[in-house]
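This report refers to the structure that appears directly beneath it.
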Amino acid sequence: MSNSLPFVLAITGASGSIYGLRLLQYLVESNQPVELLVSRGAQTVMKEELGLVFSPDNLRNELLQYLELPLDAPVVLQRMDDYGASVASGSYRTRGMAIVPCSLGTLGAVASGLTEKLIYRAAAVTLKEKRPLLVLLREMPFGHIQLKQMMTLSDAGAIVASASPGFYHKPRSISDMVDFVVGRVLDQFGFDNHLFKRWKEESAPIKLLQGR
Ligand SMILES: Cc1cc2nc3c(=O)[nH]c(=O)nc-3n(C[C@H](O)[C@H](O)[C@H](O)COP(=O)(O)O)c2cc1C
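Counting in our numbering, the sequence shown tops out at residue 214, every number present.
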């Protein structure tokens, strides 16, 4: 698939905004143009979890600075209420869309076909154009309604993923666990990434419960 087509990345207000930020960092470092959407909920979670407070008028640049990315990176931040934005139209071609992390609120809206926020409209467009759409959920346990909404999205062709790192790659840090999840997200879109050690790849054994 062409790298020059933009990738749509939405970050919403589920716990784990670090996944979305790491994905953005990886995409930019891979010279992948990104159409970025960040919900208000995501900004609240970033503040709570990472201590990040961005000014609404300078969100794009402050995010790039935080991720140590150049300000001239091919990242376009879209306004949540801009229905004239590129990603609101199916004729604007993209490589696909990932909602990382995806809150249950956004899951419900997308599964119901709502379009009152640009994230929902972009997801609806991605589905109707038969492009890959991935939602990375983070909740425990899942309620019955959300499980049905996941089925609805899966039936519609979306990739329903959960932010659940494996342990078979023997993570030693939070960063290792984040990279596992982000690497598996990238796998779904065909990005040839090496963010984590795959099953049967060589890795050092972890020393769990040392001293016990
Ligand atoms: C610190 C914090 C953690 C949250 N974690 C989750 C979560 O893991 N999953 C979830 O679905 N919602 C979570 N929420 C709630 C959502 O942020 C909230 O439902 C919000 O309205 C989602 O809106 P959005 O999808 O437009 O970002 C969390 C909220 C806060 C403040």
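No residue lacks a Cβ here, since even glycine has one placed at the ideal position from N, Cα and C.
Could you tell me which of the options sits nearest to residue i, measuring between CA atoms?
i, options, result
"residue 100", "198, 200 and 12", "12"
"residue 142", "165, 111, 169 and 93", "165"
"residue 66", "50, 83 and 31", "31"
"residue 184", "156, 139, 83 and 40", "139"
"residue 34", "64, 51 and 75", "75"
"residue 41", "102, 181 and 161", "102"
"residue 61", "132, 51 and 78", "78"
"residue 191", "68, 178, 150 and 163", "163"
"residue 83", "133, 122 and 68", "122"
"residue 151", "108, 178 and 134", "108"
Apart from the five residues on each side of it in sequence, which residues of its chain come closer than 7 Å, Cβ to Cβ, to residue i?
i, result
"residue 2", "Examination of residue 2 is not possible in this model, given that the chain is present from 3 through 214 alone."
"residue 201", "170"
"residue 3", "Confidence in residue 3 is poor, its pLDDT being 48 and thus under 50, which makes the residue's placement unreliable; the coordinate value appears in the next sentence. Within the same chain, residue 3 has close Cβ partners 97 and 192."
"residue 212", "Per-residue confidence for residue 212 stands at a pLDDT of 48, beneath the threshold of 50, marking its modelled position as unreliable; no derived number is given."
Note down the Cα distance separating residue i from residue j, rounded to an integer number of angstroms.
i, j, result
"residue 167", "residue 198", "11 Å"
"residue 14", "residue 175", "24 Å"
"residue 113", "residue 203", "37 Å"
"residue 38", "residue 170", "32 Å"
"residue 16", "residue 110", "13 Å"
"residue 92", "residue 19", "27 Å"
"residue 158", "residue 81", "26 Å"
"residue 46", "residue 182", "24 Å"
"residue 64", "residue 153", "37 Å"
"residue 50", "residue 43", "11 Å"
"residue 71", "residue 48", "18 Å"
"residue 117", "residue 126", "8 Å"
"residue 36", "residue 89", "11 Å"
Would you check whether ligand 1 has a heavy atom nearer than 6 Å to the C-beta of residue i?
i, result
"residue 41", "yes"
"residue 107", "yes"
"residue 15", "yes"
"residue 46", "yes"
"residue 118", "no"
"residue 140", "yes"
"residue 50", "yes"
Excluding five sequence neighbours on each side, which residues of the same chain lie with their C-beta closer than 8 Å to the C-beta of residue i?
i, result
"residue 188", "25, 28, 195 and 197"
"residue 214", "Any answer about residue 214 is weak, because its pLDDT of 38 lies below 50 and its placement is not dependable; what the coordinates show is given next. Hits under 8 Å: none found."
Query raised in the report: Quick check: the stretch 144-160 against the stretch 38-57, are there 3 or more CB pairs under 8 Å?
Result: Touching, no, given that fewer than three Cβ pairs across the two stretches are closer than 8 Å.
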